[in-house]
């Protein structure tokens, strides 16, 4: 099933936040150092980042959680989408990326910690239910039960119907349908302009 992308209600006119070739070098170094943690050899491309952000509804109340922002291409797309900085909280494991994100995105809450333990990592930091979770974690490096556990804990922190948004380079959903019961799964159109091409998957827990 393909889920149509939402059009952007607002596009900020601000300049780029400095995401450039230097980020490619940072990402590549991180991948060489910890390939199973970083998961990709380069940041998400602009087209993929925008595709992920399109499934977030900025007019809905609540915080938006981004897990595994890396150097911030999806963060930038979320801000362009219309998510206010004070409503955006990031969990980043890499201690080199955390100060970079804080400098690059003033007003955004950046927490260093384990995205797979999002509930514990955010304990005491998020009061209202989340309105969306956007993940760039390398889920395929983890057992299926750990992927499902991440999905469930994010839904437990979210309002009813809030999406869990995840990209993958693979052809099938990164969290198998047969492992998640009545949680719905929908895929975006394939993002051919990303290298390598990718697809965004949107999970929702029904009311």
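Residue numbers (full-length UniProt numbering): 1 to 207.
Just so it is clear, CB atoms sit at the ideal spot from N, CA and C, and this is done for glycine as well.
Quiz item: Does the segment 46 to 62 touch the segment 105 to 122, meaning 3 or more C-beta pairs lie closer than 8 Å?
Solution: With the cut-off at 8 Å, the segment 105 to 122 and the segment 46 to 62 do not touch.
Quiz prompt | N- and C-terminal bounds of the alpha helix (DSSP H) containing residue 105 | solution = Neither: residue 105 is in no alpha helix (DSSP H) and is coded neither H nor E.
Practice problem: Check each candidate in 106, 168, 129 and 109 and name the one with the smallest Cα separation from residue 141. | Solution: 168
Exercise. Answer with yes or no whether the minimum CB distance from residue 142 to chain D is below 8 Å.
Key: This model lacks chain D altogether, as it is built from one protein chain only.
Quiz item: Out of curiosity, what's the CA-to-CA distance linking residue 89 and residue 156?
Solution: About 17 Å.
Self-check item: Local Cβ density within 10 Å of residue 53, reported as buried at 16 or more and exposed below that
Solution: buried
Practice problem: For residue 37, name the three-state secondary structure that DSSP assigns. | Solution: Low per-residue confidence applies at residue 37: pLDDT is 48, beneath 50, and the placement is therefore not dependable, though the value from the model is reported in the following sentence. DSSP places residue 37 in helix when its eight states are reduced to three.
Quiz prompt | Every unbroken alpha helix (DSSP H) inside the segment 64 to 113 [4 residues or more] | solution = 73 to 81 and 97 to 104
Self-check item: Cα-Cα separation between residue 179 and residue 95, rounded to whole angstroms
Solution: 32 Å
Exercise. Would you kindly work out how many angstroms separate the C-alpha atoms of residue 60 and residue 159, rounded to a whole number?
Key: 10 Å
Quiz item: Is the beta carbon of residue 62 less than 8 Å from the beta carbon of residue 128?
Solution: Against a cut-off of 8 Å, the Cβ pair of residue 128 and residue 62 comes out as a contact.
Quiz item: In angstroms, rounded to a whole number, what distance separates the CA positions of residue 189 and residue 171?
Solution: 11 Å
Quiz item: To the nearest angstrom, how far is it from the Cα of residue 197 to the Cα of residue 75?
Solution: 20 Å
Quiz item: Is residue 131 helix, strand or coil when you go by DSSP?
Solution: Here residue 131 sits in coil by DSSP.
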